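Chemist: Quick one: the structure is below, and I'll ask about it shortly.
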Amino acid sequence: MSVKIYHNPRCGKSRDTLKLLETQGVTPEVVEYLKSPPTAAELQDILTKLNIKPRDLMRTKEPEYKDNGLDDKSLSDAELIEAMIRIPKLIERPIVLKDGKAAIGRPPENVLAIL
67 MSVKIYHNPR CGKSRDTLKL LETQGVTPEV VEYLKSPPTA AELQDILTKL
117 NIKPRDLMRT KEPEYKDNGL DDKSLSDAEL IEAMIRIPKL IERPIVLKDG
167 KAAIGRPPEN VLAIL
């Protein structure tokens with residue numbers, strides 16, 4: 067059982083999700099995405115697994131979202147994905163992947179559905 071979590075150790079929800087995985091007996095591969103952002107292909111794969119659009123994976127309340135003009139509705143999916151790679155703080159967290167499925171741990175219990 068291979069499980070990966072895109073994790074931000076400074077985020078309470080991310081820490082809670084990691085703890086929940088561990089209480090379920092899961093030792094995930096931890097990717098600190100602020101230090102090692104996903105590639106465009108990895109982000110596209112995550113979006114496909116979540117069945118959402120790039121903007122739905124973005125933290126739109128972060129100042130960087132508006133400061134970088136990302137609220138412009140004419141931006142393409144590719145442009146939004148590129149922005150998340152450049153500014154990984156904008157990626158919603160935590161994201162858990164397992165066996166071709168993905169879940170966002172908000173709330174942390176959401177990830178139980180894919181375990």
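Residue numbers (my numbering): 67 to 181. C-beta atoms are modelled at their ideal positions from N, C-alpha and C, and glycine is treated no differently. Computed from a predicted model, the values in this text were never measured in an experiment.
Within a Cβ cutoff of 7 Å, which residues of the same chain sit near E128, ignoring the five residues on either side of it in sequence?
Modeler: These residues qualify, in order along the chain: K155 and L156.
Chemist: Assuming A144 is part of the alpha helix (DSSP H), what are its boundary residues?
Modeler: Counting along the chain, the alpha helix (DSSP H) containing A144 begins and ends at D143 to R152.
Chemist: Can you say whether G171 is buried or exposed, counting buried as having 16 or more other CB atoms within 10 angstroms of its CB?
Modeler: Answer is buried; the Cβ neighbour count reaches 16.
Chemist: Indicate the three-state DSSP secondary structure (helix, strand or coil) for I118 in the structure shown.
Modeler: Reduced to three states, the DSSP call for I118 is coil.
Chemist: Is the region 106–121 in contact with the region 134–150, if contact means three or more CB pairs nearer than 8 Å?
Modeler: The region 106–121, when compared against the region 134–150, does touch it at the 8 Å Cβ threshold.
Chemist: Any idea what DSSP makes of E130, helix, strand or coil?
Modeler: The answer is helix: DSSP assigns E130 an H, G or I state.
Chemist: With burial defined as no fewer than 16 other Cβ atoms inside 10 Å of the residue's Cβ, what is the status of T89: buried or exposed?
Modeler: With fewer than 16 Cβ atoms within 10 Å of its Cβ, T89 is classed as exposed.
Chemist: Taking the continuous alpha helix (DSSP H) assigned at E95, which residues delimit it?
Modeler: Premise fails: E95 lies in the beta strand (DSSP E), E95 to E98, not in any alpha helix (DSSP H).
Chemist: So R152 packs on Y72, CB below 8 Å; how close in whole Å?
Modeler: So it is not a contact: roughly 16 Å between Cβ atoms.
Chemist: Just the C-alpha distance for A179 and T93, rounded to the nearest angstrom, thanks.
Modeler: For A179 and T93, the distance between alpha carbons rounds to 17 Å.
Chemist: Label A168 either buried or exposed according to how many other C-beta atoms from any shown protein chain fall within 10 Å of its C-beta, with 16 as the threshold for buried.
Modeler: A168 should be labelled buried.
Chemist: So N74 and S68 are in contact, right, with Cβ under 8 Å, and what is the actual spacing, rounded?
Modeler: Their Cβ separation, rounded to whole angstroms, is 21 Å, which puts N74 and S68 out of contact at 8 Å.
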